[in-house]
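Residue numbers (the numbering used here), protein chains in the order written: chain A, 1 to 110; chain B, 111 to 223.
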């Protein structure tokens with residue numbers, strides 16, 4: 001059973017076309033939800049940590065939000081350099097480990 | 111400040127061989143975790159070490175082992191390599207626990223032939 005699901009698997013946007021990526025989770029007792037950006041062949045780069053429902057974090061064109069069962073990564077007016085795979089991960093009370101989703105591959109065309 | 115460093119960058123081995131991967135955490139970070147990432151998937155947790163002790167283990171066979179040194183650097187060892195062990199191996203460091211933000215290194219690309 002997948003505990004973390006990201007959608008869509010792939011997203012193609014035109015430069016300036018805003019959109020959202022979704023990360024949903026099925027576990028209880030969430031201790032933290034993390035967003036990372038990963039470029040091909042490289043390690044994930046930390047973006048945001050969210051700890052409780054209602055929390056929001058922003059950085060440049062990105063904004064992350066958290067509800068009780070999902071998180072959204074909103075991308076406003078994206079640029080080609082935002083093209084990457086975006087990963088979310090959770091840590092919860094009974095898990096004992098960080099669990100990643102499969103990622104959303106974002107492509108932004110000029 | 112230097113980030114998480116890993117060595118080597120790339121490695122090619124044959125089936126049955128053994129491999130050792132190395133990781134140095136961010137200065138001040140005492141916890142190191144290891145992940146395996148196969149193409150097209152998210153990273154999968156292998157181990158977490160804190161203060162030289164194993165604090166968490168993922169669903170990996172006993173062929174995988176790790177240790178942490180007094181300076182908080184870490185090694186991941188994989189014995190009896192299989193073709194399916196080919197992956198990007200990632201090391202992440204955090205201050206203490208897994209709820210602290212984990213910062214990843216660039217990874218070691220392991221190819222098993």
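Even glycine gets a Cβ: it sits at the ideal position worked out from N, Cα and C.
All figures in this text were calculated on a predicted structure; none of them were measured in a lab.
(message) Contact criterion: CB-CB distance below 8 Å. Does residue 25 of chain A meet it with respect to chain B?
(response) Start at 1 with the first residue of the first chain, and residue 25 of chain A comes out as number 25. No, because no Cβ of chain B sits closer than 8 Å to the Cβ of residue 25 of chain A.
(request) Find the residues of chain A that neighbour residue 170 of chain B, judging by a C-beta separation of less than 7 Å, and give them in chain order. (result) Taking the first residue of the second chain as position 1, residue 170 of chain B is located at position 60. Near residue 170 of chain B there are no residues of chain A at all, since even the closest Cβ is about 11 Å away, more than 7 Å.
(request) Under 7 Å between beta-carbons, which chain B residues line up against residue 8 of chain A? List them in chain order, please. (result) Here residue 8 of chain A refers to the residue found at position 8 when the first chain is read from its first residue. What residue 8 of chain A touches in chain B: nothing, since even the nearest Cβ is about 14 Å away.
(message) With a threshold of 8 Å between beta carbons, is residue 208 of chain B in contact with chain A?
(response) Along the second chain, one-based indexing puts residue 208 of chain B at 98. True, the Cβ-Cβ gap to chain A drops below 8 Å.
(message) Could you pull the DSSP bridge partners for residue 115 of chain B from this structure?
(response) Locating residue 115 of chain B in the second chain gives position 5, where the first residue counts as 1. Answer is B/134.
(request) Measure the C-alpha to C-alpha separation of residue 214 of chain B and residue 32 of chain A and round it to an integer number of angstroms. (result) If you number the second chain from 1, residue 214 of chain B lands on position 104. If you number the first chain from 1, residue 32 of chain A lands on position 32. Their backbone Cα atoms lie some 17 Å apart in a straight line.
(message) Counting beta carbon pairs with one atom in the segment 94-108 of chain A and one in the segment 125-135 of chain B, are three or more of them shorter than 8 Å?
(response) Touching, no.
(request) Rank A/27, A/43, A/86, A/101 by C-alpha distance to the C-alpha of residue 62 of chain A and give the top, closest one. (result) By 1-based counting over the first chain, the position of residue 62 of chain A is 62. Measuring from the Cα of residue 62 of chain A, the nearest candidate turns out to be A/86.
(message) Taking 8 Å as the threshold (beta carbon to beta carbon), is residue 118 of chain B in contact with chain A?
(response) Your numbering for residue 118 of chain B matches position 8 in the second chain. By the rule that beta-carbons nearer than 8 Å mark a contact, residue 118 of chain B does not touch chain A.
(request) Pull up the distance between the alpha-carbon of residue 54 of chain A and that of residue 71 of chain A, whole angstroms please. (result) Here the question's residue 54 of chain A lines up with position 54 in the first chain. Here the question's residue 71 of chain A lines up with position 71 in the first chain. Cα to Cα, residue 54 of chain A sits roughly 10 Å from residue 71 of chain A.
(message) I'd like to know whether the C-beta atoms of residue 137 of chain B and residue 183 of chain B end up nearer to each other than 8 Å.
(response) Along the second chain, one-based indexing puts residue 137 of chain B at 27. Along the second chain, one-based indexing puts residue 183 of chain B at 73. The answer is no: Cβ separation not under 8 Å.
(message) Three Cβ pairs or more, each shorter than 8 Å: is that satisfied between the segment 71-80 of chain A and the segment 11-20 of chain A?
(response) yes
(request) Compile a chain-ordered list of the residues in the segment 209-222 of chain B whose CB is closer than 9 Å to at least one CB of chain A. (result) 209, 210, 211, 212, 213, 214, 215, 216, 217, 219
(message) By the 9 Å beta-carbon criterion, what residues does the segment 16-45 of chain A contribute toward chain B?
(response) 31, 32, 34, 36, 38, 41, 42, 43, 44, 45
(request) Please look up how many angstroms separate the CB atoms of residue 21 of chain A and residue 11 of chain A, rounded, as I've assumed it's under 8 Å. (result) For the purposes of this step, residue 21 of chain A is taken as the residue at position 21 of the first chain. For the purposes of this step, residue 11 of chain A is taken as the residue at position 11 of the first chain. Indeed, because the Cβ distance is near 7 Å, the residues count as touching under 8 Å.
(request) May I have the straight-line CA-CA distance separating residue 27 of chain A from residue 165 of chain B, to the nearest angstrom? (result) For this step, residue 27 of chain A is matched to residue 27 along the first chain. For this step, residue 165 of chain B is matched to residue 55 along the second chain. For residue 27 of chain A and residue 165 of chain B, the distance between alpha carbons rounds to 21 Å.
(request) Look at residue 7 of chain A and residue 75 of chain A and say whether their C-beta atoms are less than 8 Å apart. (result) On the first chain, residue 7 of chain A is found 7 positions in, with the first residue counted as 1. On the first chain, residue 75 of chain A is found 75 positions in, with the first residue counted as 1. No.
(request) Identify the continuous beta strand (DSSP E) that holds residue 176 of chain B and give its terminal residues. (result) Translated into positions along the second chain, residue 176 of chain B becomes position 66. Counting along the chain, the beta strand (DSSP E) containing residue 176 of chain B begins and ends at 174-178.
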